[in-house]
Structure formats: C-alpha cells, structure tokens
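Engineer: Numbering-wise, the sequence shown is residues 11 to 260 according to this note's numbering.
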Amino acid sequence: MRLPTFQSEGTRAILTELTRPTDLLDFQSPQLQQLIQDRGWQVLPEFERIGAIYDFVRNEIKFGYNESDSLPASQVMADGIGQCNTKGILLMALLRANQIACRFHGFTIDKRLQKGAITGWAYVLAPRSIIHSWVEIWHNDRWINLEGFILDEDYLTALQRKNPSAQNFVGFGAAVTDLSDPRVQWNGSDTYIQKEGINADFGIFNSPDDFYRKHGTNLSGLKKWVFETVVRTQMNRNVERIRIPKRIVE
Numbered sequence: 011m012r013l014p015t016f017q018s019e020g021t022r023a024i025l026t027e028l029t030r031p032t033d034l035l036d037f038q039s040p041q042l043q044q045l046i047q048d049r050g051w052q053v054l055p056e057f058e059r060i061g062a063i064y065d066f067v068r069n070e071i072k073f074g075y076n077e078s079d080s081l082p083a084s085q086v087m088a089d090g091i092g093q094c095n096t097k098g099i100l101l102m103a104l105l106r107a108n109q110i111a112c113r114f115h116g117f118t119i120d121k122r123l124q125k126g127a128i129t130g131w132a133y134v135l136a137p138r139s140i141i142h143s144w145v146e147i148w149h150n151d152r153w154i155n156l157e158g159f160i161l162d163e164d165y166l167t168a169l170q171r172k173n174p175s176a177q178n179f180v181g182f183g184a185a186v187t188d189l190s191d192p193r194v195q196w197n198g199s200d201t202y203i204q205k206e207g208i209n210a211d212f213g214i215f216n217s218p219d220d221f222y223r224k225h226g227t228n229l230s231g232l233k234k235w236v237f238e239t240v241v242r243t244q245m246n247r248n249v250e251r252i253r254i255p256k257r258i259v260e
C-alpha cells in the first residue's frame, strides 16, 4: 500500500510521520499484528479499510472506562473496553498500521457529559473539565474528524430508547444536538458523539504521546487511586446497566 500522491514533499514527509508507531500507538505489538493479519484490513480499498477499522473500534471495543487515559493500544485491546481517549489511541494505532495517516486533537469536555455514567459522590468529586480527544485522518486530500466511535451501537441504542427524540442531549457519555440521529457512521465525512460538550481546545498533536507529555491525564495522586480502585468499577457497572436494561450487573 502507498500513501496518496500529495502536492509537496513536505506534506508527504508529514503524513509519513503520521503513520509511524509510538509508545502508545504500539501497533507492532504481537497482539495487534495478529489482529491486523486476521482481519485482512490491508487488502481493502482505503475507504473500506477506514470503515472496517472504525467499526471494529466502535463496536467490538465496548464503551467503558479503563484505568488510565494514556494506555498503549495493545492494553486497550486487551481490556476490550474504552472511552474517547483510549479507544482513540487504539483507532490511531490500527489506522497507522494500515497506512492511514492520523493525528490527535485534544480538548476538555464539561463533566455534565458523563453524568449518569458517573453518579453520586464520584460525580461531585470529578473535575469540572475532563480531558477529551478525537482522531483526525487524512483521506481524499483532506482532514476528517472521527469522534463517533466512542459509544458502541448497543449502548447508543439503549440511550436512544431511554431518551426518544431527545434534542441537545448531554449526559451518559454523549453530547449531541439530536440523539435520535447522531453522526456516528463512517461515510467519508466527520463523525461526532461528544462534540457539543467541548469547553476548551488544546489543539492538534502528532500523537497522543505528545499530548500527554504536555498536558498529563485527567487524574493524579489520591484521586487517581480512588478512580482506579473504586469509581471505575462503579462507572462500568452503570454503563452495563444502561447497555443491557433490567439486567443486574454483579
């Protein structure tokens, strides 16, 4: 496979850089190499290749909360769950492994977006602004924003059933103008599911590694320990209850 022909050598060099592995985008790990081989993504035309990888990360890596934002892609894959930042890392790794140039765009979102997934005292203690990101890919000679991969179809459908015809919906991991018809399917253009909750823009970075070196992660110290040992388990139970209504999650 080759990258498309671009207008300048400088642009080609930049885009080549955006297909390389990093510590977090560890697509050379045995687990991810085996996945890539098994799925056969590399033989697909570019549009279908992007769509297949996007759908894998969106629906086969369920929405949920990992122990940290800055996990390597292989660990996100092993966890089998993720949120905006961790699913984004896995998506970037798989895209780069399949010669799709991509970069990281960092933001913060208002914590109201997580209300429902985070409840009670955990919501009160959560920072007002939470680190958020989406992935930008180079396709058809332009940058396309990908954010709609965060919520898997089962979880999103359950939210839609609970909130039919909801407009300007914020909560439970979503922030959209129309919950019944969010822009989440890959069709060659931007996809979004949390965009309406953004309250600060940190700009574009070549990799998540660069972003986290500069801005750090959402939590540190005691709050990080409490999240990893107590809050995260509660949040994932809440998410599973939403995804599978009336099921008692042990």
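Yeah, the Cβ is synthetic: ideal placement off N, Cα and C, and Gly gets one too.
Roughly how many angstroms lie between the CA atoms of Gln52 and Arg30, to the nearest whole one?
Structural biologist: Position 42 of the sequence shown, counted from the start, is the residue given in the question as residue 52. Position 20 of the sequence shown, counted from the start, is the residue given in the question as residue 30. Each residue's Cα considered, the two are about 16 Å apart.
Engineer: Using the DSSP secondary-structure output, state which residues sit across from Asp211 in a beta bridge.
Structural biologist: Taking the sequence shown and counting its residues from 1, one reaches residue 211 at position 201. Its beta-bridge partners are Phe117.
Engineer: How many whole angstroms separate the CB atoms of Phe73 and Val249, which I take to be in contact at a CB cut-off of 8 Å?
Structural biologist: Start at 1 with the first residue of the sequence shown, and residue 73 comes out as number 63. Start at 1 with the first residue of the sequence shown, and residue 249 comes out as number 239. The pair is a contact, with the Cβ atoms about 6 Å apart (cut-off 8 Å).
Engineer: Measuring straight from C-alpha to C-alpha, what distance separates Asp191 and Gln177?
Structural biologist: Here residue 191 is taken as the residue at index 181 of the sequence shown, counted from 1. Here residue 177 is taken as the residue at index 167 of the sequence shown, counted from 1. Rounded to whole angstroms, Asp191 to Gln177 spans 10 Å at the Cα level.
Engineer: With hydrogens ignored, establish whether the beta-carbon of Ala210 is closer than 8 Å to any heavy atom of the ligand GTP.
Structural biologist: Questions concerning the ligand GTP fall outside what the structure shown contains, since it holds no ligand whatsoever.
Engineer: Can you give me the C-alpha to C-alpha distance between Trp144 and Gly116, rounded to a whole angstrom?
Structural biologist: Taking the first residue of the sequence shown as 1, we reach residue 144 at position 134. Taking the first residue of the sequence shown as 1, we reach residue 116 at position 106. For Trp144 and Gly116, the distance between alpha carbons rounds to 7 Å.
Engineer: Less than 9 Å separating the beta-carbons of Met102 and Leu35?
Structural biologist: As a working note, residue 102 is residue 92 in the sequence shown. As a working note, residue 35 is residue 25 in the sequence shown. Closer than 9 Å, so yes.
Engineer: Note down the Cα distance separating Val241 from Met87, rounded to an integer number of angstroms.
Structural biologist: As a first step, residue 241 is located in the sequence shown; it is residue number 231 there, counting from the start. As a first step, residue 87 is located in the sequence shown; it is residue number 77 there, counting from the start. Val241 and Met87: Cα-Cα distance of roughly 21 Å.
Engineer: Give the single residue among Lys224, Phe221, Glu157 and Arg49 whose Cα lies nearest to the Cα of Gly207.
Structural biologist: Counted from its first residue, the sequence shown places residue 207 at position 197. That would be Glu157, whose Cα lies nearest to the Cα of Gly207.
Engineer: According to the neighbour-count rule (16 or more other Cβ atoms, all chains shown, within 10 Å of its Cβ), is Val134 buried or exposed?
Structural biologist: Taking the sequence shown and counting its residues from 1, one reaches residue 134 at position 124. Counting Cβ neighbours within 10 Å, Val134 comes out exposed, since fewer than 16 surround it.
Engineer: Around the C-beta of Lys224, are 16 or more other C-beta atoms found within 10 angstroms, so that it is buried, or is it exposed?
Structural biologist: The residue given as residue 224 occupies position 214 in the sequence shown. Answer is exposed; the Cβ neighbour count stays below 16.
Engineer: Please name the residue, chosen from Leu166, Ile60, Asn197 and Ser78, that lies closest to Arg251 on a Cα-to-Cα basis.
Structural biologist: Stepping through the sequence shown from its first residue, residue 251 is reached at position 241. Taking only the C-alpha atoms, the option nearest Arg251 is Leu166.
Engineer: In this structure, does DSSP put Asn248 in helix, strand or coil?
Structural biologist: For the purposes of this step, residue 248 is identified with residue 238 of the sequence shown, where counting begins at 1. In this structure, Asn248 counts as helix in the three-state DSSP scheme.
Engineer: For Lys125 and Ile63, I'd like the C-alpha separation in whole angstroms.
Structural biologist: For the purposes of this step, residue 125 is taken as the residue at position 115 of the sequence shown. For the purposes of this step, residue 63 is taken as the residue at position 53 of the sequence shown. One C-alpha to the other measures close to 29 Å.
Engineer: Identify every residue that forms a DSSP beta bridge with Thr201.
Structural biologist: Here residue 201 corresponds to residue number 191 of the sequence shown, with the count starting at 1. In DSSP, Thr201 forms a bridge with Leu156.
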